[in-house]
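Read in order, the letters of the sequence shown correspond to residues 99 to 205 in this note's numbering. Glycine is no exception: its CB is placed at the ideal position from the N, C-alpha and C atoms. The block underneath contains the structure these notes are about, expressed in structure tokens.
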Amino acid sequence: MDTTQYEKAARAAIRALYGTPEGEYGPTLFVSHHLSELDADAWIKACQTKAPEAAEVLDSLVLIGSWSSTGDDRTDVFDFSLPNSVTNYLLSVRFVDGEVAEVTMES
Numbered sequence: 099m100d101t102t103q104y105e106k107a108a109r110a111a112i113r114a115l116y117g118t119p120e121g122e123y124g125p126t127l128f129v130s131h132h133l134s135e136l137d138a139d140a141w142i143k144a145c146q147t148k149a150p151e152a153a154e155v156l157d158s159l160v161l162i163g164s165w166s167s168t169g170d171d172r173t174d175v176f177d178f179s180l181p182n183s184v185t186n187y188l189l190s191v192r193f194v195d196g197e198v199a200e201v202t203m204e205s
């Protein structure tokens with residue numbers, strides 16, 4: 099897979115895990131934390147709405163960076179966050195052998 103395909107797979111995994119037991123400490127925590135913590139002005143800056151739904155939060159995620167966790171030239175971690183620097187938290191998606199291995203919330 100190329101970088102675009104990995105990013106697409108990472109976004110699909112984030113969406114698929116939201117609201118599931120496996121996503122409790124990843125996408126679900128990320129969305130619930132931000133919905134309860136950010137004010138209307140921050141949401142307008144991030145999502146162009148004062149009170150977004152979970153799907154809108156997930157749709158607004160931007161790729162912040164990608165890197166190799168193994169020190170080689172293979173990019174296997176993709177970090178996403180809300181746009182316009184409204185948070186320091188990330189959703190980090192790690193791949194192993196071309197498959198999503200984990201999605202975690204990081205600060």
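With respect to Val155, His131 sits apart: the two C-beta atoms are not nearer than 8 Å. Per the Cβ contact rule, the stretch 132–142 is not in contact with the stretch 160–177 (fewer than 3 Cβ pairs under 8 Å).
Here Val194 is exposed. Its C-beta has fewer than 16 other C-beta atoms within 10 Å.
Classified as exposed, Ala110 has fewer than 16 neighbouring CB atoms from the shown chains inside 10 Å of its CB. Straight-line measurement puts the Cα of Ser190 at about 13 Å from the Cα of Leu127. In the three-state scheme derived from DSSP, where H, G and I count as helix and E and B as strand, Glu200 is classed as strand.
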